[in-house]
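Trainee: Just dropping this structure here.
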Amino acid sequence: MSELVIAPELKAQLRVEAAYLHRALFGFEPAVEIAERYASANVHCLGHLAHEQSRVDRIIEGKLDVEAVECAMRHLRPDNLLTRKLHVLLYLVEVRRSYYHLFFNETSARLKGNIRICVHILRSVYKAVKGRLLIWRYGLG
Amino acid sequence: MVDYLIAGSGPAGVAAAYALRGTDCLILDPGSQRSGSIDLSGNLFDLRQRSEDLFDELIGENFESLHNLHQRPISLKLKAPGMRHIVAEQDVLCPIISDTFETSLSFATGGLANAWGAGVYKFSDADLRSFPIRASDLDPYYDELTELIGIAGENDDLAPFLRPSQGLLPPLRLSSFFSEMIDRYVRLRPNLNHRGIFLGRSRLAVLTKPHRNRPAYGYENLEFFQPLNPGIYNPAFTLRELTDAGQARYERGYLVTSYVQREGFVEVFARRLDTGTSESFQARRLLIAAGTVNTARLVLASTGAHHVRVPILDNAMSCIPLVRLSRIGSARDPNDSSLAQLNMVYDGPLFPEVLQAALYGTAGPLRSDVALHFPLTIRGNLECARYLSPAIGLLMLFYPDDPRPSNFMQLREDGRLEIHYQETPRRGVERGLISAFRRMGYLSSIRLCQFPRIGSGLHYAGSLPMKASPGPFELYPDGRLYGTEQVYVVDGAAFSRLPAKNLTFTIMANAMRIASLIRSA
């Protein structure tokens, strides 16, 4: 990896953040490499949005529903830091074999696929509304 | 002194070199190459299921694949670590100022053909209507190129628009999504043709059988991550053949910056990129094949023509997703590839000229590149990526372009090129196509369509157009630049207009034509 000097405190903070976001999306702890790369990617790619970091900190400190807040934020303002951070995480996990099944379907699953999409449409409506409320209540807008 | 100096090693430069093979021909080019030793082999999806971690190969140690998250967006095909060198030096070697026109310029050996879609289509007389040449002038070179590069396709419903071709290799395998689409088209053909819609197989510079010491394409699906697949034509292959056989010389690491027409020859100045020093070369003929934008910059700089306006053309694009509901949840299709599966021609009342589209599956880019295009939560979007992607085809519609006063390039004194372009709004044809495809069983909506910024098509052309009676910054029909005796332009800059059709094949045929004329003069 290119020589990127990250202050140890920042690195530790970003690793904690990676773990929180990863658990929120996938329900388990990330591998060490993912957390490390997440930290580096944030410094390398998202420095221009650093002014929004406090919002992300509040979400994590308040143990808020990340998916809900992100979904609502993305509809309000697609180029927000939380969305970008989760997007980075998606890229980092996609290239690992253990996550392949989350991105690709190797066997026919037409009924399951239709049901899951329908469920997630309904779920997303709920999350979007919840996210809006959380944004309003915690001043994350 | 060399007989011929060619500036550029993309499709035009190499086609010209091929026509001049065996003569005293020197090709100069920056020739950017990939750094690092990442080498993917095999099928991408097999690799992804076998390899623990493909971070270095697919994301990159400098997070190259995350480029669009924090920088000016570039084509998804140009950002992977193995592909970044193709356009890496653009901002340094040819800085552009534009708020309205997206540019991607290549300084790599082979040019933008390192990332092309390999679509190869002959121009008809209708396509060439502003040109001072006819299709019959290009036909011998189309035929020679068909044999040289190997083209897969069929003479089908699109033949009247794409023109029949001899010597085609069998077409690529179709994915099940597009096999079904062509079957449904055949059943509804009379109605669809009546509406101006014609579907057929893409013509691609891709080998479906071994050809001229190159193996057949193996459906590796690595096109977004690694260039130089031997099954997909790249001008670098022909360049290597020519240089290995001693039929041309290639010096990489040079950026041609200007030329001066002398008595009986051209003095060409080039900057060595490793040292920054300038060297001069002398040639009896200079053939400029640096790509439309670079070629314009070179000619304007050489003539000190700051603030002279020259045209710029590109094919505007629309991207229409087509969803086949019955395919939701289908298994990933190993026959799907990132190459165009089908082509469509629209010749109907919604537009005054023939339009062309290429249809693609979703096998190419990383799923993360498109995961946030859906309006659901992140996890919902992942489910869409997984279960909905097999049910989606993408129709990329191209529009023609003709010179307009509002669309031009000009060179500033500081050496930067300004590009101004005013796009024409478009929605009418898209709605008509959505309606027609709905009848075929494919759903879409104008709200789902994307309209990439002009310039994203990478079909730049027309900055120094050929004319029957040219004036300043225009070309004679033989490619010679007005006001010079030995300077020729052989790339897309020479185009007088741009039909809604991939232009690379015609760029190459025209370059061969011009070079052949020069050789026989």
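Protein sequence lines, in the order shown, are assigned to chains A and B. Note that the working numbering has the first sequence beginning at 163, numbered continuously upward. Note that the working numbering has the second sequence beginning at 527, numbered continuously upward. Positions of the beta carbon are idealized from the N, C-alpha and C atoms, including for glycine.
1. Here's a check: name, in chain order, each residue in its chain whose Cβ is nearer than 6 Å to the Cβ of Arg236 (chain A), leaving out the five neighbours to either side.
2. When the Cα atoms are used, what is the spatial distance from Arg835 (chain B) to Asp682 (chain B)?
3. Identify the contact partners of Pro916 (chain B) in chain A, using a Cβ-Cβ distance below 8 Å as the criterion.
4. Going along the chain, which residues of the region 580 to 610 of chain B sit with their C-beta nearer than 7 Å to a C-beta in chain A?
5. Can you tell me whether Asp653 (chain B) is buried or exposed, with buried defined as 16 or more other CB within 10 angstroms of its CB?
6. Check whether the Cβ atoms of Ala815 (chain B) and Ile612 (chain B) lie closer than 9 Å to each other.
7. Excluding the five sequence neighbours on either side, which residues of its own chain have a C-beta within less than 6 Å of the C-beta of Phe791 (chain B), listed in chain order?
8. Quick one: what's Arg778 (chain B) bridged to in DSSP?
9. Look at Leu923 (chain B) and Gln882 (chain B) and say whether their C-beta atoms are less than 9 Å apart.
10. Which residue spans inside the region 902 to 986 of chain B form an unbroken beta strand (DSSP E) run of at least 3?
11. By the 8 Å beta-carbon criterion, what residues does the region 268 to 289 of chain A contribute toward chain B?
12. Let's test the definition: count the other Cβ atoms within 10 Å of the Cβ of Met527 (chain B) and tell me whether it reaches 16, buried, or not, exposed.
13. Go through its chain and collect everything with a Cβ distance to Val250 (chain A)'s Cβ below 8 Å, but skip five positions before and after it.
14. Determine, using beta carbons only, whether Ala230 (chain A) comes closer than 9 Å to chain E.
15. Suppose you measure from the CA of Glu256 (chain A) to the CA of Arg952 (chain B); what does that come to, to the nearest Å?
16. Provide the residue(s) that pair with Gly726 (chain B) in DSSP beta bridges, ordered along the chain.
17. Check the DSSP bridge columns for Gln787 (chain B) and list the partner residues they point to.
18. Kindly list, in the order they appear in chain A, the residues whose Cβ is closer than 9 Å to that of Thr1010 (chain B).
19. What number of angstroms, rounded off, separates the C-alpha of Ala1065 (chain B) from the C-alpha of Tyr1008 (chain B)?
20. Beta-carbon within less than 8 Å of Ser1042 (chain B)'s beta-carbon, same chain only, minus the 5 sequence neighbours each way: which residues are those?
21. Assign Val178 (chain A) to one of two classes, buried (16 or more other C-beta atoms within 10 Å of its C-beta) or exposed (fewer than that).
22. May I ask which residues mark the beginning and end of the alpha helix (DSSP H) holding Cys280 (chain A)?
23. Consider the Cβ of Val291 (chain A): report whether some Cβ of chain B lies at a distance smaller than 9 Å.
24. Assuming Ser806 (chain B) and Glu793 (chain B) form a contact by the criterion Cβ under 8 Å, report the distance between their Cβ atoms to the nearest whole angstrom.
25. Would you decide whether Pro761 (chain B) is buried or exposed? Buried here means 16 or more other CB atoms lie within 10 Å of its CB.
26. Can you tell which of B:Ala614, B:Leu943 and B:Ile758 has its C-alpha closest to the C-alpha of Ile623 (chain B)?
27. Based on Cα-Cα distance, which residue from B:Glu777, B:Gly890, B:Arg598 and B:Phe571 lies nearest to Ile553 (chain B)?
28. So, with DSSP's three-state summary, where would you put Arg258 (chain A)?
29. Grab me the residues of Thr629 (chain B)'s own chain with a C-beta within less than 8 Å of its C-beta, minus the 5 sequence neighbours each way, in chain order.
30. Note the first and the last residue of the continuous alpha helix (DSSP H) segment covering Ile532 (chain B).
31. Using the three-state DSSP reduction, which class does His833 (chain B) fall into: helix, strand or coil?
32. Evaluate Ala884 (chain B) with the Cβ neighbour count: other Cβ atoms within 10 Å of its Cβ, from every protein chain shown; 16 or more gives buried, anything less gives exposed.
33. Contact check, Phe963 (chain B) vs Leu848 (chain B) under 8 Å by CB: the rounded distance?
34. Among B:Glu587, B:Ser632 and B:Leu619, whose alpha-carbon lies nearest the alpha-carbon of Leu604 (chain B)?
35. Curious, which full-length alpha helix (DSSP H) runs of at least 4 residues does the region 654 to 710 of chain B contain?
36. Just the chain B side, please: which residues come within less than 9 Å of Ala197 (chain A) by C-beta, in chain order?
Mentor: So, from the listed chains and residues:
1. Thr245
2. 42 Å
3. Asn267
4. Leu580, Phe581, Leu584, Ile585, Glu587, Asn588, Phe589, Ser591, Leu592, Leu595 and His596
5. buried
6. no
7. Gln808 and Arg810
8. B:Asp555
9. yes
10. 918 to 924, 934 to 937 and 943 to 946
11. Glu268, Thr269, Ser270, Ala271, Arg272, Leu273, Lys274, Gly275, Asn276, Arg278, Ile279, His282, Ile283, Arg285, Ser286 and Lys289
12. exposed
13. Tyr200, Ala203, Asn204, Cys207 and Leu208
14. Absence of chain E from the displayed structure is noted, the protein chains being A and B.
15. 35 Å
16. B:Asn869
17. B:Val792
18. Neighbours of Thr1010 (chain B) on chain A: none; closest Cβ ~46 Å, over 9 Å.
19. With chain B covering 527 to 1047 only, the question about residue 1065 (chain B) has no answer from this structure.
20. Ala545 and Tyr667
21. exposed
22. Arg272 to Arg299
23. no
24. 6 Å
25. buried
26. B:Leu943
27. B:Glu777
28. strand
29. Gln616, Ile622, Val819, Ile945, Gly981 and Tyr986
30. Element bounds for Ile532 (chain B): not the alpha helix (DSSP H) but the beta strand (DSSP E), Val528 to Ala533.
31. coil
32. buried
33. 5 Å
34. B:Ser632
35. 661 to 675 and 685 to 688
36. Neighbours of Ala197 (chain A) on chain B: none; closest Cβ ~13 Å, over 9 Å.
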